[in-house]
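Just below is one structure, and these are the notes that go with it.
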Amino acid sequence: MIYERIKELSKTKGISINQLEKKLGLSKGSLCRIDTNRPSVDKLQRIADYFGVTIEYLMTGHYEDEDHSPYYLNDETRAIAQAAFENPDMRSLFDMSRKMSPDRLKAHLEFMKKLQESEEGNGLD
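This is the structure in structure tokens:
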């Protein structure tokens, strides 16, 4: 169970289990065996700190206090949401796009890409 949560968190961060083991100074394959071995509190804390979660979350998949749960598990999504929150035009684009059919949304995206390319070509960026 712990391993599955670590795999899920790793996927959201775009890091492989092997890369995570290296980054945290863990022996190769130690995370694959984490459910059968008894991991130390130190090891669990290093993993939890890396992902910004609690040991409790790693062990149970739940937070004692939901205020500690990360709303976004990935920094790029957090940055996009913050930009939409701060910029009314961006928020309007997002709201309108949610109500469009996939074909219409694709057509608008193509138009915006061409507009952006045109502006970049004219040094208007």
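Quick note on our numbering: the sequence shown kicks off at -14 and runs consecutively. We put the beta carbon where it would ideally sit given N, CA and C, even for glycine.
message = Using a 10 Å radius around the Cβ and a threshold of 16 neighbouring Cβ atoms, would you call residue 45 buried or exposed?
response = exposed
task = Report the three-state DSSP secondary structure of residue -6 (helix, strand or coil).
result = helix
request  = Kindly indicate which three-state DSSP category residue 18 falls into: helix, strand or coil?
outcome  = Looking at residue 18 - three-state DSSP - the assignment turns out to be coil, as it is neither helix nor strand.
inquiry  = For residue 43 and residue -13, I'd like the C-alpha separation in whole angstroms.
reply    = Cα to Cα, residue 43 sits roughly 6 Å from residue -13.
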